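Data first, discussion second: the structure below is written as structure tokens.
Protein chains in written order, with the numbering used here: chain A, -5 to 387; chain B, -5 to 387.
Given below as structure tokens:
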């Protein structure tokens, strides 16, 4: 028989993807310039020139070794480049043996969750959260436990998190800079989180893993993005070049298990085992070579910073309420009615594609991706004004 | 706590990978030319020129859309190219809606197994079999049921398979051309298998899926490689460009759910859902574009055919017993003692790296990969002679 759970996952595409697909159809219908698509997180700045240059250079080499299998954990030179970059940027000891190259952050998270949980365990997330966390947590046979972020800044609510952690808790997932709210967790927040987790480990007599999902690490607007393993030993960092190098479709990222974690060697082995069980043989090898070369290439944040200013100033002038974003390229805006789906549906009437907050685990908000063309934001402002006016009556 | 099963999978690399790693170390020690490495299935012929040309051409286009996310099932043009190629080559109706692009055959198999099984089900394989089948079957919570192939030709043993199929059976996995034995399943074998499965479906009152793992489809030496969905409706083909286009490290392949399967639409949905649960977002997108362009590019089988002749003639002259291979690039050779591991270990003394059969689910044989340089085969012959002589005493 067909597996019903898998059928359900295939049959219910995410709200984001659904809106994105609607947008494609609507653009074909009325012209791309007349649809204001804030739905999806596809980077709008090109990959750095070094990416293309590296690929072109590699394509001049012998294709047999170039495209051959790499070891399951990745090419030694790619693992070493990642470890060296971590060591240099964050002033820590980081070894290549703790780096596992993956097909993006999704693969990194799926493998990390499977590595440090047993079926029946609980994994704590901070709502609003990236919807696929639920998918991967449940795929590992675990239960997702949602803890609302602390308003108004959407930092971790340490007391609420402490209350949610119990004898079945294996891990806590954080995402900073955050999708969907754009918050960057402060050093103070992370230190409080680390201290609480250490206390809970002592209280419960079991390890608690902190899985730090960091695809937006490089996309920050001046705020410090602390290195989490320096704050909490038992940290597993899940990273991706999707946003840092604008390569989302190429699927390249990594897991780094902190060298400070007492059981870090064993966790690294389990991550590799989980990757194997999930059907990963190695991360795409051409992209491993690109990552090795581009590991310290700066991300182009300027375009996103401009969009952020334009969007927040525009919506502010119109009286919209939103969370000031310190990172990533999303704006978290209060819906003008309680039902976020209804608000998103009404926005469609003004050709505004904005994602309702429900699939992120909270009601009453919408997410606007501003990794889009600058002029789309400018031209969308009258539509946002009209949307607001439609609620004034 | 660390998941023990995942730790175990990470801690016990496959016998193949282990021997491959030994080979790398040994080559560094005594010189690459003095080690005869028949361990791993890394293609030895270069990717067709069209692969590199296509990549170079793509790299001249706008990098933002080039590297953007594709839909989860793949770029429409890639899915359509695969479906059109299937329709044309095998004279069947094949729709793009039933094609799901994957990160190679491993991802295709992991998703297909998860899609058509429930935990507790049984999946039947034909021994000897690719060792990772066990990993993916057990990852789906199922039990592997091994049925020995019919000797001496290593075709499916229809009666034994029928006896192994019961009320908990969800699927049968076949692999033709076969790794490790090089057998190509004949039309007669496949028709008998199809008829038996249809009878079992009627008897048990449940669907039985035939998962056809076909990374070696293009590597055949004259034998017909029948299109399995034309013989059995409820077939799921798992394909890879790893061998066909010599791109094993790049991770690109597909699942095709037969358009003739009564529940094919639903199975396709479940495969996509399983891919999502396993952490796949989309197959590497640059490679999707390459596959779309190269879908009908012929594989370079001539080099493997030469190696096959050289190796079989050489071993034949020395009195080794082996299965005449009709496809793939492996030779299945009878070990000169019952304990295949001991035989493989003794071969190492002659710098011959050959994989013992145990991890393939049978004892008493070894697998020789002949996707290697021609002169390695030539120079290995005295070592094979000495290995044989060492058993003569």
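A virtual CB, placed ideally from N, CA and C, is assigned to each residue, including glycine. Since this is a predicted model, take the numbers as computed values, not measurements.
Checklist entry - How should residue 114 of chain A be labelled, buried or exposed, when 16 other C-beta atoms within 10 angstroms of its C-beta is the threshold for buried? => result Taking the first residue of the first chain as position 1, residue 114 of chain A is located at position 120. That one is exposed.
Checklist entry - Counting only runs that start and end within the stretch 28 to 58 of chain B, where is the beta strand (DSSP E) found for 3 or more residues in a row? => result none
Checklist entry - Going along the chain, which residues of its own chain have a beta-carbon closer than 6 angstroms to the beta-carbon of residue 166 of chain A, five neighbours each way excluded? => result If you number the first chain from 1, residue 166 of chain A lands on position 172. Correct list, in chain order: 118, 204.
Checklist entry - List, in order along the chain, the chain B residues whose C-beta lies closer than 8 angstroms to that of residue 130 of chain A? => result As a working mapping, residue 130 of chain A is identified with position 136 in the first chain. What residue 130 of chain A touches in chain B: 271, 273.
Checklist entry - Is residue 278 of chain B helix, strand or coil when you go by DSSP? => result As a working mapping, residue 278 of chain B is identified with position 284 in the second chain. Residue state, collapsed to three classes: coil.
Item to check | Separation of residue 31 of chain B from residue 206 of chain B, as counted between CA atoms | outcome: Numbered from 1 along the second chain, position 212 holds the residue referred to as residue 206 of chain B. Numbered from 1 along the second chain, position 37 holds the residue referred to as residue 31 of chain B. Rounded to whole angstroms, residue 206 of chain B to residue 31 of chain B spans 29 angstroms at the Cα level.
Next on the checklist: By alpha-carbon positions, which one of B:258, B:42, B:319 ends up nearest to residue 218 of chain B?
Outcome noted: Along the second chain, one-based indexing puts residue 218 of chain B at 224. It is B:319.
Next on the checklist: Let me make sure I understand the geometry here. Which of A:93, A:353, A:26 has the alpha-carbon closest to that of residue 373 of chain A?
Outcome noted: Mapped onto the first chain, residue 373 of chain A falls at position 379. Ranking A:93, A:353, A:26 by Cα distance to residue 373 of chain A puts A:26 first.
Checklist entry - So what does residue 347 of chain A bridge to, in DSSP terms? => result The residue labelled residue 347 of chain A in the question sits at position 353 within the first chain. A:31, per the DSSP bridge assignment.
Item to check | Test: residue 242 of chain A CB closer than 8 angstroms to a CB of chain B | outcome: Residue numbering aside, residue 242 of chain A sits at position 248 when the first chain is read from its first letter. By this cut-off, residue 242 of chain A is an interface position.
Next on the checklist: So residue -4 of chain B contacts chain A; which residues on that side make the cut at Cβ distance below 7 angstroms?
Outcome noted: Within the second chain, the letter at position 2 stands for residue -4 of chain B. The contacting residues are 109, 110, 257, 260, 261, 264.
Next on the checklist: For the stretch 135 to 156 of chain A, list every residue whose C-beta sits within 9 angstroms of some C-beta in chain B, in sequence order.
Outcome noted: 135
Next on the checklist: I'd like to know if residue 207 of chain A contacts chain B, where contact means its C-beta is closer than 8 angstroms to some C-beta of that chain.
Outcome noted: Locating residue 207 of chain A in the first chain gives position 213, counting from the first residue. By this cut-off, residue 207 of chain A is not an interface position.
Checklist entry - Going along chain B in order, which residues have a C-beta closer than 9 angstroms to the C-beta of residue 245 of chain A? => result Walking along the first chain from the start, residue 245 of chain A turns up at place 251. Within chain B, the residues near residue 245 of chain A are 97, 245, 274, 275, 276, 277, 278, 279.
Checklist entry - In terms of DSSP beta bridges, what is residue 136 of chain A paired with? => result Translated into the one-based positions of the first chain, residue 136 of chain A becomes position 142. DSSP, once it has assigned bridges, lists no residue as partnering residue 136 of chain A.
Next on the checklist: Between which residues of its own chain and residue 286 of chain B is the CB-CB distance below 6 angstroms, once the five residues before and five after are set aside?
Outcome noted: On the second chain, residue 286 of chain B is found 292 positions in, with the first residue counted as 1. Contacts found: 71, 72, 75.
Next on the checklist: Please report the straight-line C-alpha distance between residue 159 of chain B and residue 101 of chain B, rounded to a whole angstrom.
Outcome noted: Locating residue 159 of chain B in the second chain gives position 165, counting from the first residue. Locating residue 101 of chain B in the second chain gives position 107, counting from the first residue. If I take the Cα positions, the gap works out to 25 angstroms.
Checklist entry - Going along chain B, which residues have a C-beta under 8 angstroms from residue 173 of chain A? => result In the first chain, the residue the question calls residue 173 of chain A occupies position 179. Correct list: empty, because the minimum Cβ distance to chain B is about 14 angstroms.
Checklist entry - Span of the beta strand (DSSP E) holding residue 167 of chain B? => result Taking the first residue of the second chain as position 1, residue 167 of chain B is located at position 173. Where residue 167 of chain B is concerned, the enclosing beta strand (DSSP E) stretches over 163 to 169.
Next on the checklist: In whole angstroms, give me the CA-to-CA distance for residue 109 of chain A and residue 131 of chain A.
Outcome noted: The residue you call residue 109 of chain A lines up with position 115 of the first chain. The residue you call residue 131 of chain A lines up with position 137 of the first chain. One C-alpha to the other measures close to 11 angstroms.
Next on the checklist: With a threshold of 8 angstroms between beta carbons, is residue 473 of chain A in contact with chain B?
Outcome noted: Absent from the structure is residue 473 of chain A, since the part of chain A shown begins at -5 and ends at 387.
Item to check | Proximal chain A residues relative to residue 58 of chain B, where beta-carbon distance stays under 9 angstroms | outcome: In the second chain, the residue the question calls residue 58 of chain B occupies position 64. Under the 9 angstroms cutoff, chain A gives 36, 37, 38, 39, 40, 41, 240.
Item to check | Rounded distance between the beta-carbons of residue -4 of chain A and residue 257 of chain B, thought under 8 angstroms | outcome: Translated into positions along the second chain, residue 257 of chain B becomes position 263. Translated into positions along the first chain, residue -4 of chain A becomes position 2. Contact flag correct, Cβ pair sits at about 7 angstroms.
Checklist entry - Taking the C-alpha atoms as reference points, what is the distance between residue 45 of chain B and residue 239 of chain B? => result Locating residue 45 of chain B in the second chain gives position 51, counting from the first residue. Locating residue 239 of chain B in the second chain gives position 245, counting from the first residue. One C-alpha to the other measures close to 8 angstroms.
Checklist entry - Where does residue 87 of chain A fall in DSSP's three states? => result To locate residue 87 of chain A, count along the first chain from 1; it is residue 93. In the structure shown, residue 87 of chain A sits in coil (DSSP, three-state: anything other than H, G, I, E or B).
Next on the checklist: Can you give me the C-alpha to C-alpha distance between residue 356 of chain B and residue 174 of chain B, rounded to a whole angstrom?
Outcome noted: Your numbering for residue 356 of chain B matches position 362 in the second chain. Your numbering for residue 174 of chain B matches position 180 in the second chain. Near 11 angstroms, if we compare the C-alpha coordinates of residue 174 of chain B and residue 356 of chain B.
Checklist entry - Within this structure, are the beta carbons of residue 349 of chain B and residue 338 of chain B separated by less than 8 angstroms? => result Reading the second chain from its first residue, position 355 is the one you call residue 349 of chain B. Reading the second chain from its first residue, position 344 is the one you call residue 338 of chain B. It is a contact, given that the beta carbons lie within the stated cut-off.
Checklist entry - With C-beta atoms as the reference, is residue 99 of chain A less than 8 angstroms away from residue 88 of chain A? => result Reading the first chain from its first residue, position 105 is the one you call residue 99 of chain A. Reading the first chain from its first residue, position 94 is the one you call residue 88 of chain A. Against a cut-off of 8 angstroms, the Cβ pair of residue 88 of chain A and residue 99 of chain A comes out as no contact.
Item to check | Span of the alpha helix (DSSP H), counted from its first residue to its last, around residue 16 of chain B | outcome: Walking along the second chain from the start, residue 16 of chain B turns up at place 22. Where residue 16 of chain B is concerned, the enclosing alpha helix (DSSP H) stretches over 9 to 24.
Next on the checklist: With three or more beta-carbon pairs closer than 8 angstroms as the criterion, would you say the stretch 210 to 224 of chain B touches the stretch 4 to 18 of chain B?
Outcome noted: no
Checklist entry - Between which two residues does the alpha helix (DSSP H) carrying residue 198 of chain A extend? => result Translated into positions along the first chain, residue 198 of chain A becomes position 204. Here the alpha helix (DSSP H) through residue 198 of chain A covers 181 to 198.
Checklist entry - Hey, how far is the Cα of residue 230 of chain B from the Cα of residue 120 of chain B? => result For the purposes of this step, residue 230 of chain B is taken as the residue at position 236 of the second chain. For the purposes of this step, residue 120 of chain B is taken as the residue at position 126 of the second chain. The alpha-carbon atoms of residue 230 of chain B and residue 120 of chain B are separated by roughly 17 angstroms.
Checklist entry - Can you name the residues of chain A whose CB is closer than 7 angstroms to the CB of residue 68 of chain B? => result Translated into positions along the second chain, residue 68 of chain B becomes position 74. What residue 68 of chain B touches in chain A: nothing, since even the nearest Cβ is about 10 angstroms away.
Item to check | Rounded straight-line distance, which links the Cα of residue 294 of chain B to that of residue 37 of chain B | outcome: If you number the second chain from 1, residue 37 of chain B lands on position 43. If you number the second chain from 1, residue 294 of chain B lands on position 300. Approximately 10 angstroms between the Cα atoms of the pair.
Checklist entry - Using a C-beta cutoff of 8 angstroms, does residue 190 of chain B count as contacting chain A? => result Residue numbering aside, residue 190 of chain B sits at position 196 when the second chain is read from its first letter. Not closer than 8 angstroms to any Cβ of chain A, the Cβ of residue 190 of chain B fails to qualify, so no.
Checklist entry - Which residues bound the beta strand (DSSP E) around residue 391 of chain A? => result Nothing can be reported for residue 391 of chain A, as the shown portion of chain A is limited to -5 through 387.
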